[in-house]
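Quick note, the sequences are listed as chains A and B, same order. Under our numbering, the residues of the first sequence are numbered 1 to 295, in order. Under our numbering, the residues of the second sequence are numbered 296 to 590, in order. One structure is given here, and the rest of the page talks about it.
Protein chains: 2
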Amino acid sequence: MSINQVAIVCGTHGNEITGVYLMKKWQKDNHPISRDSFKTELIHGNPKAFEINRRYVDNDLNRQFSSDKLADESLGSYEESRAKVLNQLIGPKGDSKSDLVIDLHTTTSNMGPTLLMPQSGTFYNLLAAYVKSNMPEAVIFCDEDHKPNDEHHLLCTTGRYGVIVEVGPVPQSVLRHDVFEQSERLTQIILDFVDLYNRNSLPDLPTQIEAFRFITSVTLPLDDNGERIGMVHQNVQDNDFSELHPGDPLFITFDGEVIPYQGEKTVYTAFVNEAAYYDNNLATSLMEKFNLQIK
Amino acid sequence: MSINQVAIVCGTHGNEITGVYLMKKWQKDNHPISRDSFKTELIHGNPKAFEINRRYVDNDLNRQFSSDKLADESLGSYEESRAKVLNQLIGPKGDSKSDLVIDLHTTTSNMGPTLLMPQSGTFYNLLAAYVKSNMPEAVIFCDEDHKPNDEHHLLCTTGRYGVIVEVGPVPQSVLRHDVFEQSERLTQIILDFVDLYNRNSLPDLPTQIEAFRFITSVTLPLDDNGERIGMVHQNVQDNDFSELHPGDPLFITFDGEVIPYQGEKTVYTAFVNEAAYYDNNLATSLMEKFNLQIK
Chain A
1 MSINQVAIVC
11 GTHGNEITGV
21 YLMKKWQKDN
31 HPISRDSFKT
41 ELIHGNPKAF
51 EINRRYVDND
61 LNRQFSSDKL
71 ADESLGSYEE
81 SRAKVLNQLI
91 GPKGDSKSDL
101 VIDLHTTTSN
111 MGPTLLMPQS
121 GTFYNLLAAY
131 VKSNMPEAVI
141 FCDEDHKPND
151 EHHLLCTTGR
161 YGVIVEVGPV
171 PQSVLRHDVF
181 EQSERLTQII
191 LDFVDLYNRN
201 SLPDLPTQIE
211 AFRFITSVTL
221 PLDDNGERIG
231 MVHQNVQDND
241 FSELHPGDPL
251 FITFDGEVIP
261 YQGEKTVYTA
271 FVNEAAYYDN
281 NLATSLMEKF
291 NLQIK
Chain B
296 MSINQVAIVC
306 GTHGNEITGV
316 YLMKKWQKDN
326 HPISRDSFKT
336 ELIHGNPKAF
346 EINRRYVDND
356 LNRQFSSDKL
366 ADESLGSYEE
376 SRAKVLNQLI
386 GPKGDSKSDL
396 VIDLHTTTSN
406 MGPTLLMPQS
416 GTFYNLLAAY
426 VKSNMPEAVI
436 FCDEDHKPND
446 EHHLLCTTGR
456 YGVIVEVGPV
466 PQSVLRHDVF
476 EQSERLTQII
486 LDFVDLYNRN
496 SLPDLPTQIE
506 AFRFITSVTL
516 PLDDNGERIG
526 MVHQNVQDND
536 FSELHPGDPL
546 FITFDGEVIP
556 YQGEKTVYTA
566 FVNEAAYYDN
576 NLATSLMEKF
586 NLQIK
């Protein structure tokens, strides 16, 4: 079944401004995000949060898209309301007018250009293989927790298919030349893929590619009062998608004590020391590396 | 005239959290910031901005300390009020109980550990030489605009002497292990210097050191409506205190056009692409390098 309608959502988080400036660029240009075989719509996800230069006004918009929340009219905060509007515009979830939703994000973590895919299946496998072939430095991040789609709370799950373009490192509220270009390039490669997919003209793709799968998150070291007593160790800082072995330094307390990683097997990190996750004291995600089988 | 009382101010900007966690550490430890020859007081500059995780509530606190503003009771925003309280606590400006104010800041720019000195004189020269001798990677940043002290609007000018410890890169609202350690080390070296200065026991110091002097700021490229149309070029990004020659790429528009630096002489950059300066569309400071004569 071909992809007739694509929605690109920018500025879902108000202080991740790269997508918003890409949107302004694409609106001015002569439709560089359209292709012959499908239409593309550009949406500003959270204009009010952008205006006040914050991640969100009341709640994280990118956690409001489970079917239950979308159906619950008593949830009336700004983002809970905005989610319902966006769902009408690009969804509705479960019966979506958008065959693909691409949601543009940035991170303060050193994750490079990352394609984040919350769900799995042949379409996603082919997309990942095409991206990896055309942008080898891109990371494939599979967040498949095997939840049914209606329980997923991410904005991109309002589409029939949905992915996140996640690029860093860039501080919140900052434009970086490299991150801007990587975000644009990864998005364009996804659009190229969709056009080739529609026209049944995909090139030969590898039979398997390297990918990462989310395992769990780890929290910063806290005292009994819930106060932070340490931070991410410099060996881990900026080393997203690098190996973390049992016994490797993971945190350092403000007093200088090293706290090692206490897991039993080697893992990989992602979203290391992401600014937006301090609310919940999340220090890093732990991932496993695996070979994603394409066909 | 010896230094009897030092004030260290942390968290003057609410989302520069490194200083606040250093403060918490120093409060717990057995007075690692005191020395025999002077007393040190620790002050949380802007606790309300820290609580809401923003640079400031109403105005930038670090622009409220000119004598005129401090005397103007009609200026009643949160930071305008807080400035008057701090001036009572650690000043008053012009007749200060604090012989030295050290104000701890961080930046999203790649400035490393920087000692920023808004004023000049023998004390500052000796301090700069001692810092450079003990921490060669530290940068000496002279912001001497030869204004009389009462016109200076920085918090640290409430002391008889005043300096800023400015370390980066670190995103707003983030703790980085390396930036935390550099901030602590530079502060401790300043305190060591004061103790030696008081006891007339300074070691032999170089007769001159490399330093940078502020010339001017440059703004991001804007269109006729004041909308940003470009960003800092990647050759300049992360290259604080590096040379910028006439004709070097300085900006790139969102459409991909390179805008070169149009000055007539080689300069150096600082505060490159600092997040907090987007409000005013400031892209970078331009500096000149010079030899600071110590004696």
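The C-beta atom is built at its ideal place from N, Cα and C for all residues, glycine as well.
- Taking C-beta atoms under 8 Å as the contact rule, E166/A and N291/A fail to qualify, at a distance of about 21 Å.
- According to the DSSP secondary-structure assignment, M111/A is paired through a beta bridge with no residue.
- Going by C-alpha positions, P203/A is about 23 Å away from I164/A.
- Within the segment 156-228 of chain A, the complete alpha helix (DSSP H) segments at least 4 residues long are 177-198, listed from N- to C-terminus.
- Between M23/A and C10/A the beta-carbon gap is near 4 Å, inside 8 Å, which marks them as a contact.
- The beta carbon of Y161/A sits closer than 6 Å to the beta carbons of L100 and F123 from its chain, once the five residues preceding and following it are set aside; these are given in chain order.
- The residues D195, in chain order, have a CB closer than 8 Å to that of D36/A in the same chain once the five nearest residues on each side in sequence are set aside.
- Taken in chain order, the whole beta strand (DSSP E) runs of length 3 or more contained in the segment 355-406 of chain B are 395-401.
- Contact note: Q88/A does not reach chain B at a C-beta cutoff of 9 Å; the least C-beta distance is about 29 Å.
- When Cβ-Cβ separations below 7 Å define contact, S468/B makes contact with chain A.
- Less than 7 Å separates the beta-carbon of V567/B from that of V531/B.
- Taking a C-beta cut-off of 8 Å against chain B, the contacting residues of the segment 241-267 of chain A are I252, F254 and D255, listed in chain order.
- Under the three-state reduction of DSSP output, Y268/A falls in the strand class.
- Within the segment 519-538 of chain B, the residues whose Cβ lies closer than 7 Å to some Cβ of chain A are M526, V527, H528, Q529 and Q532, listed in chain order.
- For the options L356/B, G407/B, P501/B and P413/B, the alpha carbon positioned closest to that of C437/B is the one of P413/B.
- Annotation for G230/A: the continuous beta strand (DSSP E) segment containing it runs G230 to V232.
- Contact annotation for D178/A against chain B: Q529 and Q532 [CB-CB distance below 8 Å, chain order].
- Around the C-beta of L222/A, fewer than 16 other C-beta atoms lie within 10 Å, and the residue is accordingly described as exposed.
- A contact between stretches requires three or more CB pairs, one per stretch, nearer than 8 Å, and the segment 263-271 of chain A fails this requirement with the segment 421-434 of chain B.
- The residues T401, R471 and V474, in chain order, have a CB closer than 6 Å to that of V465/B in the same chain once the five nearest residues on each side in sequence are set aside.
- Assigned with DSSP and collapsed to three states, N586/B falls in strand.
- At a beta-carbon threshold of 8 Å, the residues of chain B lying near T108/A are P466 and V469, ordered along the chain.
- Listed in chain order, the non-local C-beta contacts of Y277/A below 7 Å within the same chain comprise F271, local neighbours out to five positions each way being set aside.
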